[in-house]
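As given, the protein sequences belong to chains A and B, one line each in that order. Residue 195 in the UniProt record's numbering sits at position 195 of the first sequence, and the numbers go up by one each step. Residue 172 in the UniProt record's numbering sits at position 172 of the second sequence, and the numbers go up by one each step. Cβ atoms here follow ideal geometry from the backbone N, Cα and C, with glycine treated the same way. Predicted model only: the values in this text are computed from it and were never measured.
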Amino acid sequence: MNDYDPNKGYVALLGWSLNAIDAVDRFDRRYIVVAPPWAEDYCSQNGIPFMPWDFDRLNERSHELAHRLKDEGVDVAIPLFEETVEWAGAVNSVLLNNPRLLGQSMLFRDKSLMKRRAQLGGIRVGVFEEAHDRGDVIRFLKRVNQTLLKLDGDPNDPIHFKAFDKSGTAGHRVIRTPEDVDNIPDDEFPALLESHLDGWEFAVEAWIKDRKIQFLNISEYVTLGYSVFVPATPELEAHRARITEEIEKLIEAFDIDFGFIHPEYFLTSDNRLYFGEVAYRPPGFKALELIERAYGFNGYQGLVLMFDPNTTQDEIDAFFPEAVTGAKGHAGCFGVYPRRRVVSRLEVPEETANHPYFEFHELAEPMEQKVTKRTAFGTHWGLAYFFGEDPHKLRDLLKAQEELDFYV
Amino acid sequence: MTEMSSGAERLTGTLDVAIERLERARPFAKQRHQRPVLDVVSRLMPLPGGPEAILSRAVRMDRAGLFGGSDWDVPTALLPQLTVQTLESDDRVLAALEMASLMRFLAVATGTAQHSTLQQEYAQHFLTQVLALNLPRFFNFSDEASRAAGERAALVARLLRFIAERVGLRDVLGVMVAEIWRILEQRPVQVGPVKDMITQIAVALNQQGSEPGAERLGAERLISALFGPTVETLDDPGLDLYRERLGHMDDAGLSREAMGFARSMHDTGLVSDYHVAFLLWALDYPDRPLVPEAMGLGSTGLDCWRHYRGLIEELIRAGVTPATPQALYGLAMLMERGILHHTPIAPALKRALRLELRPAVRERIDLGFGTQASAETHLLAGALEVIGQPLGVGQGANPTCQSARAISMWALNDPDFLLHLMVQAAEAETVLMHFEGQPINSAELPAGLAGFGPIDADPLSVLLVPHLDRIYAEMGRLCAPRGGDPHRWINPEFHGWWVARDCAVAVDVSTGFLDEYDRFVRRFHESYHPGYNGDRPLIHPQPAGIAFTDSTGTFIGWHAITILRVASGRAGETRVYFYNPNNDSGQDWGQGVSVTTSGNGERHGEGSLEFEQFLSRLYLFHDQPLRPTGHAPVPAEAVERVRQMAADSWAGNRVPSTRAADPAEAPSA
């Protein structure tokens, strides 16, 4: 690790993310990685400061971790994954002597509590309910569709099923029929059920310090689970002022002094913004990488700035560029799923390979020939990256990828 | 500098983005950023200006950590032989890695960049070897050929040419010329690949202009052997003009031409097309015996010429044509062997001149050798070449070492029998042999190891191997119930009475473990080593089996060879001289066991090893059942040395765990 600034804070990264470690190692803050014991050898071989810790479901030992980190001299803990958000809340409530932080983190971990809290804060949310078993799901599916005045035999409007404690598209299912309900495994309950909103879905990445948004990025989804790009099209960016207001509402509702949030919204055809959910951690799908490609700053380093109690406003102002205008172009990525049932090799489609916006991919040759059926939104086989000047062209290009075979 | 396309320019920008990410990453996080760089490299390489862009970034990519965590991280540990395999790999990322690595070598070799662990001289040498090993690949750049070989092969060819243009071909020529001489020294019957290589060198020299030096001289000697071996052919005038010139020459001039051809042929084993034209012309030249002069005959050959002039002229007219030039060398060597004086040979050759081929046979020969000459001509030419150069027979790319070895052995020891088989196969489409009195008819047997047989070997092999292969397999089938190694019974029945009837096998066939190995080693000494067998020479070639190992000493498989003689090498050491049917005997069998093909008293086509080294790879040999014993005891140290060499290579995991069974070693109760 490089020399760090002794006048700045000492941060703990909760969870194992090589990208995050790499970024923070290159930054000017002292850090320590708190991760499961299997990472120990790797860290000692590579000179990465490390503290072993098992983040199991129950956090009654969080106090122990907090005190060990306190003894170590750590100022603040940064959660890298959904599973470590509560731990960070518990640890920071001790380190920063602010018991409220634990309760706050619990709100982020429970999708149902989160939604109610948002609703209480005057934020518009869709119809939602909790489900503890499949019967709850069937009931919700029926009720939503009755409300929509569908007759028996009409195709149902879908509902969304999100396991309480899973992040991103893992455990996120779109339910249309009772058969879809049968396919939900037991371990995904309890879950949050939501009505489907037709509209424009997008995500926001907000770096927050002193209850102020320091940088706000809008990530435009082309298709949920497939593709995203930053900065968004001018059409979506036109709503930036409203979106900023919504984020400020979240800051109030969740009482956020500092940190990083990653909420999702719908903009419906009647021009209303609906809150979907929010996470208090970096987003998946390599969104921070896209932001780095477009804006040139490293999102993880930005996170450290937000969490470190010793960060100055001058430092922050120097770190972040101007939103939208400060971007060199638009960066997007596409998650590749094999479209065929049986595949033998990776072959980037010619349209893609020859497109001037295509940069590179992280796809590997197929390990198995037979493609397992996707459950939920599934896991993509790798990402293809794009970069270009024109956001509309980029959006259409990302959309077009869905119809192409990368594995043949 | 090639003009850069807009696509290449854009991708170069992308490459820089990917390299920057890789550079930025800490060593432990490099791996994730390697793949994107390689992805862009593989797409940039085929574009105009792409290779230049990659070359100029090659050392930077290396420093950024592109090769971290892979074998390529230590450039001096890479093997030039493996390079092209990786370049043509189905895995594009791996291929790109090799491309980037070669570009790094190139940048250092040309002095445009420095590398912490790679010296300029080393980089030059490495690239030279890569180019020499792959010259055929990158001179095959008629676009037609590239297209047929596929896009990836074309890309590899372009990359190799890109490198060649920058490091120069002089050293490459040196390496290749040495390699060609090494192969020619073994006098193969099949010279097609060598002729191709020489042609490519000629093209290369022509295109590159002259770079003087010893390499060029060696190359020109080879080129002239094919395209201009004499005074009147030096300017490669073309066959028509050359024949016209012959009409104007005086006797002295003609004699000089004849001797020029002969010298070049015996020097290289290659026959120029002009030589064939001269010989055919000389057949009708009344005033002077130009034919024996052009064949470069020594006293034995001349004697044959005097006795069998009519037959020989007939063999030339029927067998030596522009499509079969090497038959001229084969015939000359056949005459030089003196075997025409062996009673059945002359009539057997006459019989071979009167072949009436079955249609299927004709089809097969046409398929393998084209129709520029008749199938009869090809077969006769094949017979002359094989009998003239018995140790030049190769199995081609076929798993038929047994059959190739048999053909070579008969050509050496039983040429009239070989001609007899040829007539059977050509006219009756079968070969009839007997196994312990039981007739085996190849026409009635299913296809053997090689399917329907090779067509990439000499014509006689193309004709015979499918039959021999089936018969060999059938004999194996008949032996299957007996247990033990079937070669013990097959070899004498298949090859001839002169294969010794007793047989020693180092391995117990049922367990795969060594079986009385010390005895095996002693016995080979007693039977074959002149120092331990009462100085008795080996009379007939003997089939033997070796455990074939690669250059690391790792066991590859069992292989059939022929032991030809055991004699003293140049330094007085006892060596085994043997024939290996696998096309090129010069091989490194690992742990210092390196088969030489010249320089240690080898005759053309022989490979040789020091006695104990040879024995350390031997697993089966034939032994006379009735031979005197007790000449000299075999020293225990010699046995131990051989045992150690075997255990260090192929037999490492075949040593039975006898220690516990040995009462002397067993723990006392």
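- In the structure shown, the three-state DSSP call for P349 (chain A) is coil.
- If you ignore the 5 residues before and after V181 (chain A), its C-beta comes within less than 8 Å of the C-beta of R134, V137, I138, L141, I175, all in its own chain and listed in chain order.
- Taking 9 Å as the cut-off between beta carbons, the residues of the stretch 44-76 of chain A near chain B are Q45, N46, G47, I48, in sequence order.
- In the DSSP assignment, the residues bridged to D588 (chain B) are B:S594.
- With respect to F266 (chain A), T352 (chain A) sits apart: the two C-beta atoms are not nearer than 9 Å.
- With contacts defined by Cβ atoms closer than 9 Å, A332 (chain B) and L297 (chain B) form a contacting pair.
- Here V386 (chain B) is buried: its Cβ has 16 or more other Cβ atoms, across all protein chains shown, within 10 Å.
- Sequence-distant Cβ neighbours of N7 (chain A) in its own chain, meaning closer than 7 Å and more than five residues away, are N310.
- Every alpha helix (DSSP H) stretch that sits fully inside the stretch 352-402 of chain A and reaches 4 residues is listed by chain position as 391-401.
- The C-beta separation of A318 (chain A) from N217 (chain A) comes to about 18 Å, leaving the pair out of contact by the 8 Å criterion.
- Contact between V41 (chain B) and T14 (chain B) is absent: CB atoms are separated by about 10 Å, not below the 8 Å threshold.
- Look at K111 (chain A) here: in three-state DSSP terms it is helix.
- For T14 (chain B), the residues of chain A that pass the 9 Å Cβ criterion are F358, E359, F360, F387, in the order they occur in the chain.
- Counting of Cβ neighbours within 10 angstroms places K328 (chain A) among the exposed residues, the total staying below 16.
- In terms of CA proximity to G437 (chain B), B:M475 leads the group B:G192, B:F417, B:N600, B:M475.
- For K209 (chain A), the enclosing beta strand (DSSP E) covers residues 199-209.
- With a cutoff of 9 Å on beta-carbon distance, T554 (chain B) and S649 (chain B) are scored as near each other.
- Assignment of beta-bridge partners to T574 (chain B) by DSSP yields B:S568.
- None of the residues of the stretch 114-138 of chain A has a beta carbon lying less than 8 Å from any beta carbon of chain B.
- V130 (chain B) is a Cβ neighbour of L102 (chain B), given a cutoff of 9 Å.
- For R29 (chain A), the nearest beta carbon of chain B is not closer than 9 Å to its own beta carbon.
- Assigned with DSSP and collapsed to three states, F406 (chain A) falls in coil, not helix or strand.
- Excluding residues up to 5 positions away in sequence, M475, G476, C479, A480 lie with their Cβ nearer than 8 Å to the Cβ of P486 (chain B) in the same chain.
- Neighbourhood of E365 (chain A) in chain B, by CB distance below 7 Å: D91, in chain order.
- Residue environment: V595 (chain B) is assigned as buried (16 or more neighbouring CB atoms within 10 Å of its CB, all protein chains considered).
- Around D39 (chain B), the beta-carbon contacts reaching into chain A at under 9 Å are V348, E359, F360, H361, E362, L363.
- Interface residue (Cβ-Cβ distance to chain A less than 9 Å): R10 (chain B) is classified as such.
- With a threshold of 9 Å between beta carbons, I21 (chain A) makes contact with chain B.
- The count of Cβ pairs closer than 8 Å, one atom from the stretch 215-230 of chain B and one from the stretch 636-648 of chain B, stays below three, leaving the stretches out of contact.
- Inside the stretch 404-486 of chain B, DSSP marks whole beta strand (DSSP E) runs of 3 or more residues at positions 432-435, 438-441, from first to last along the chain.
- P27 (chain B) belongs to the set of residues whose beta carbon lies under 9 Å from a beta carbon in chain A.
- Residue-level contact check: N92 (chain A) does not touch chain B, since none of the beta carbons of chain B fall below 9 Å from its beta carbon.
- Under the 9 Å criterion on CB atoms, Y4 (chain A) is classed as non-interfacial with respect to chain B.
- The beta carbons of V76 (chain A) and V33 (chain A) sit no closer together than 9 Å.
- V17 (chain B) reaches chain A at R293, E359, F360, F387, counting residues in chain order whose Cβ is nearer than 9 Å.
- For V24 (chain A), the CB contacts under 8 Å within the same chain, skipping 5 residues up- and downstream, are V11, L13, Y31, Y300, Q301, V304 in chain order.
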